[in-house]
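Remarks on the structure that follows.
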Amino acid sequence: MSTAAVSATPHFRDPGLPLAQRVDELLSQLTDEERIAMLHQYSPAIPRLGVGEFRTGTETLHGVAWLGEATTFPQAVGLGASWDESLVREVAEAVSVEQRAFHHHRPPAVGTGRNSLQGWAPVVNLLRDPRWGRNEEGYSEDPAHSARLGDAFCRGMSGDDPEHLRTAPVLKHFLGYNNEDDRCTTSSGLRPRVLHEYDLAAFRLAIATGAATGVMAAYNLVNGRPCHVSPLIEQQLRRWAEPTGHELFVVSDAEAPSNLVDPEHYFDDHAESHAAALKAGIDSFTDHGEDTAVTVGRITEALERGLLTMDDVDRAVRRQLSLRFRLGEFAPESDPYAGIGWEVVNSPAHQELALRAATESVVLLKNEGLLPLPADRRVAVVGPLACTLFEDWYSGSHPYRITVADGLGVQGVEGVDRIVLRTADGRALTAAGPHGLLTVAEAQDSDPSAQFDLFDWDLGVLTLRSSATGRYASLRDADRRVAADRDQPGEWDVHETFRLEPDGDGGELLRSVLTGRYAQVHAATGVVTMSGESPAMAAVLTRTVVRDGVAEAVAAAAAADTAVVVLGNDPHINGRETQDRAGLNLPPNQDRLLRAVLAAQPDTVLVVMSSYPYALDWAAGHVPAILWTSHAGQETGRALARVLRGDADASGRLPQTWYQGEDELPERLDYDIIKAGWTYQYHRTPALYPFGHGLSYADFSYSRLALDADRLPQDGTVTARVSLGNRGERAGMETVQLYVRALDARYEAPLLRLADFRKVRLAAGEWTELEFRLPVEQALAHWDVATGAFTVDPGRYELLVARSAADPVLTARFTVDGPAPAPRRAVGRPLRAVDFDDYRDAVIVDAGRTDGDAVTPAANQEARLVFRNVDLTGAATLTAEVSRTAPGPAGLDVYADGLLLAALPVDSTGDRYTWTTVSAALGHQHGTVGELTVVLTGEQRLAALTFAP
C-alpha cells in the first residue's frame, strides 16, 4: 500500500489506535445535526465519512427472532430450568453466531442497511409473580440464579475476543418490571431493601463483569418515576460498569419516550421529556418506528429551549460509537467475526445444541415409578399440544418442528372437538378456495371444508382450525374477512382468537377477540366478515360436534399401555406481552380431558408444556407422573421423548415456585416481596412444587458436609465441602443447591436465600467431593436502611445443602464475628422517610422528577412508618420535609416507643413537587434508643425527618 493511501485513511479507522481516541476522532468530524440524528434507533448513514446506517436491536432471547428461520432454543424460563451456566453460554454463543450471519448475509425485515449486531437479550427481570404475561422471558424468581444465567448468556453473546464483540447483549428491562396490565402507567413500589437485595441484584453481575454492553429501560414506573428518567441508570448501572473500562449503552423500549407525555403525563411536552431522558442516561430513542424526524425534532427543540446542551448529546453519541467500534464496524479487516457464513444458521451443531438444551430443561415434577417408559410400551399421545410446537413473540421461526407425538413415533390425538357451525337457514360455515376464505355454503357435516377443530384456551377464547386446510381461521384487517390460512396464531395483534357467545335462544355468535366485532354473512356471496358492531347485527350459528375430542382421546389411551397427555398454553393467548394471566389453573377443558384419560388409563403421564407454572393440585394427587417443559424450540418433542424413554436423565429443576391452587397470592402490583411474601424467600405457605424442585432417574445421596471454619469475620470466606454420590444403576445429573439463612436476624430476613449452585453429572456408583467458596459479604449481606449500604450482621447463620428450597438434606452452622450494629443516629442528620424498617398502608413516590423518594399514605388510608433502634439522644426539635396538593391541613404525628413526641400540621404547598418544612418542639425529651413511629393522616408526602438539639 502506498504512503499516500495510508495517509488518506481516516484515523478513526485505524485499529491500532486506542478506542477512546478513535471515538473522539470520529465524533469530532460529525456535525451537530448528524450527532442528533444518531440518537434515534435508526441512525442514518453519513456518506461523506463512509459511515453506514446503524440500528439498535435484534431480538435474540432464545434464538434470532423476527428475521426468518433460525435455530430455536428453549424459552428463557426453560433455560433457567437447566440451572446450567455453561449450557446457557453455549446457547447464547450459537444465537450470536447466527445473529452475525443475518447481519452479514441477509437484509433486514424492516428498513435498510444491515441487521443489528446489538442483541436485545437477556431478560433478567425476576419471576416474582407467575401470573406475569411475560413469565417465559425471565430465567428465575431468584436474583442470584437469574444474575448468573444472565451473565453466562451475555458472555456467550459477546464472545471471548479482548478487543471485539461478536454481538452486543442488552439486559432487559430496567427496572421492577413484572406486570403487563397497564404497564405504562403502573408504578412498582420498591423499598430500599427490595430494590437493592432483589431487583437491582439481578442486573449487577453481568454489568460488573463487563459481559453486558447495554441495558433497556422498562415501560413502567418505579416509586412513581418512569424508568426512562430513573436516576438509578447513572447512580447504579453506570457506576457498576466503571471498572470495566466501557460505558453502558442504554436504549429505550419501543415508544416509551413518547409515553412520558402520554399516557404517563409525567412531563408537559415531548421536548422536556426527551431532554430529561437523555440527561438521565438514555442514549438511543426507540420511537416512531423508522421515522427519525420526530425524535430529531424533539431533541432539537430541547436544545433550542436550553433544556439540553450538545455535551448531553455527545455523551450518548460517544457511547454508541464506542459500541460500533467494538463490533468491528470501522475496521472490518481486523474483526475476528467478519467471516461467519450463512451455513451456521440451523447448522447440525446448533440442532444438536437445541436438543441438549431442550432435554436439560425438562423437569420431572412427580414420578411414582411409571417413568422411564420401557421401549416396548405402547404409548398414546393425546392433548391439544400433542401434535404442535408453538412459537412465541420473541422466538425465531422454527426451521422444523419435532412434536411430542413425533418424538415418540406415534400418531397423536389432540382431544379437541371437531365442529360444524351452521346459520339459521342450515348452511354451513366453510373454508373455501385455495386461501380458505370463510364462506357460508351448502355442505354436509362430513365435508372437511365445513369442519373446524375447536381449541379452547380458557376464558372463552377459542381458535378454529380448518379440517380442510389444516390452518387457523384468521381475521384480515383490510376487508374484515376471515380466512383459514394461518399456520399458527401469532404476531403482535393476534388475529386468530375468537369467542362463541350464546345468543340467549340456543344459538351462538362468533366474535373476534381482537376487534370485538361479530360475524356477519353477506346475503349474496355468503362471505363471512367480522363487521357486526353489536350482537343484534351478528349471524346466529348452531354448533354440531362431529367428533368428540375427549372420547377420541380416551379411546386412544385405553388402547395403549400408557397415555401421555400434553397440556399447556399457546404463548400468544391469555398471557403474553401486554396481557397478564387471570390465574394459575389449567383451562377447564384441559382439566376435563386429563381426568377422563386418567379414568380410562391409570398409567398416565402428564406433560405440561407452558410458559409459566400452573396450579396442578388435582393432578399432583392423582396422576402418577408429571413433567414440565417450557416451549422448548424445534427439538422439544425429541427432548421429551428422550426423558420419557429414559435415554436421558430428567435433570431440569424449577426456576420458580409452583404455588398451590388454594394459596391466595399477594396482590399483583405489590412488589414488596418481603412484606407481601413473594417467592421461596418469603412465602410461608408450602408450595405445590418448590423452587429448585426436580426429580431424577438416578439415586443421589449427600454426605459429609463440612465447613473450613465455624467462626469467621464479616469480610471472610467460608468454604463448604460436601460429598455427592450416585447410588443408582444409571448415570444422572444433580443440581446441588446451597442456601443460607440468618438465625439471629434483627431484620425480616429471608426464610432461605440461594448462595450457590452447581450442576454435576455422575455415572452409576460414582462419588465426588464438591467445594464451594462463599464470600461472606456476598452470601450473607443485607441492605441496611440505617446506613444505606450492604452489611453483614454478626451472629449465627446456617448453610443448607438442598435438593430444593423445601428439601434440605444437610445443614451446618457457623458464626460471623464483628461489632454489633450501632443504633441509628437520628439527631443532626436527615432520616429519609423511605428508609423505614416496617410500614403499613404507605406508598413510595417520587420527591422530584429527576431524583429523590418520598412516602405518601395509600388511598384513603392512614400510613404508618416504623424505624427501629433509633437513637434520639439530645433531640429537642423535629423538622419534617413535606408537600401537599389538597387544601387544608393534613396530620403528621411522631411517636417514640408509643409516646407522642410531636404532632405537625401539613398545609397545602400547591404542588406535589413544591416542598416545605414544618417544625415543632418535642413534647418530651427522649434520650434512649427505641422505636420511632411516624403516622401520616391525609393526603401528603413526607421526604425526610430531621431531629435537632
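Anchor point for the sequence shown: position 303 equals 837 in this note's numbering, and the numbering is continuous, going up by one each time.
No residue lacks a Cβ here, since even glycine has one placed at the ideal position from N, Cα and C.
Contact check between the stretch 1189-1207 and the stretch 1306-1319: fewer than three CB pairs, one atom from each, fall below 8 Å, which does not count as touching. In the structure shown, the three-state DSSP call for Met750 is strand. Glu1169 is classed as buried because its beta carbon has at least 16 other beta carbons within 10 Å across all chains shown.
The way I'd put it, the stretch 822-838 doesn't touch the stretch 734-748; fewer than three beta-carbon pairs between them come closer than 8 Å.
Beta-bridge annotation (DSSP): Trp617 is not paired with any residue. The stretch 1353-1370 makes no contact with the stretch 1254-1271, as fewer than three CB pairs between them are under 8 Å. Excluding residues up to 5 positions away in sequence, Val763 lie with their Cβ nearer than 6 Å to the Cβ of Ala810 in the same chain. With fewer than 16 other Cβ atoms from the protein chains shown falling within 10 Å of its own Cβ, Asn1394 counts as exposed. The DSSP assignment places 1310-1313 as complete runs of the alpha helix (DSSP H) inside the stretch 1310-1367, in order along the chain (cut-off: 4 residues).
A Cβ-Cβ distance of about 7 Å is found for the pair Ala920 and Val947, placing them in contact under the 8 Å criterion. Trp1317 is the residue among Trp1317, Glu1268, Trp1301 whose C-alpha sits nearest the C-alpha of Pro1284.
Residue range 1266-1276 is occupied by the beta strand (DSSP E) that includes Gln1271. For the set Gly1211, Ser1145, Asn757, Asn1403, the Cα lying nearest the Cα of Gly672 is the one of Ser1145.
The three-state secondary structure of Arg738, taken from DSSP, is helix.
Secondary structure note for Glu1465: its beta strand (DSSP E) is the uninterrupted segment 1463-1471. Residue ranges of uninterrupted beta strand (DSSP E) with 3 or more members are absent from the stretch 584-641; none lies entirely inside it. In its chain, beyond the 5 residues on either side, Thr893, Ala1182 have a beta carbon closer than 7 Å to the beta carbon of Arg1176.
Bounds of the alpha helix (DSSP H) holding Gln1215 are 1213-1216. Fewer than three beta-carbon pairs drawn from the stretch 876-883 and the stretch 1046-1062 are found closer than 8 Å, and the two stretches are therefore not classed as touching. The way I'd put it, the stretch 831-845 does touch the stretch 801-815; three or more beta-carbon pairs between them come closer than 8 Å.
Your pair Thr1191 and Leu1174 does not check out as a contact, with CB atoms roughly 23 Å apart and the cut at 8 Å. Judged by DSSP in its simplified three-state form, Ser1257 adopts strand. The DSSP-derived three-state label of Pro1284 is coil. Within the stretch 814-848, no complete beta strand (DSSP E) segment of 3 residues or longer occurs. By the Cβ neighbour-count rule, Thr606 is buried, with 16 or more other Cβ atoms within 10 Å of its own. Within the same chain, no Cβ atom closer than 8 Å to the Cβ of Gly873 is found once the five residues on either side in sequence are excluded.
Between Glu863 and Leu551, the alpha-carbon positions lie close to 15 Å from each other. Non-local C-beta neighbours of Arg738 in its own chain, meaning closer than 7 Å and more than five positions away in sequence, comprise Ala681, Trp774, ordered along the chain. Here His707 carries a strand assignment [DSSP, helix/strand/coil]. Distance from the CA atom of Val1361 to the CA atom of Val1404, rounded to whole angstroms, is 10 Å. Secondary structure at Phe924: coil, using DSSP grouped into helix, strand and coil.
Bounds of any beta strand (DSSP E) do not take in Ser562; it lies within the alpha helix (DSSP H) bounded by 553-562. Counting only the Cα atoms, Leu812 lies some 13 Å from Gly840. Per the coordinates, the alpha-carbon of Leu1412 lies some 9 Å from the alpha-carbon of Leu1438. DSSP, reduced to helix, strand and coil, places Phe687 within a helical segment of the structure shown.
Beta-bridge annotation (DSSP): Pro882 is not paired with any residue.
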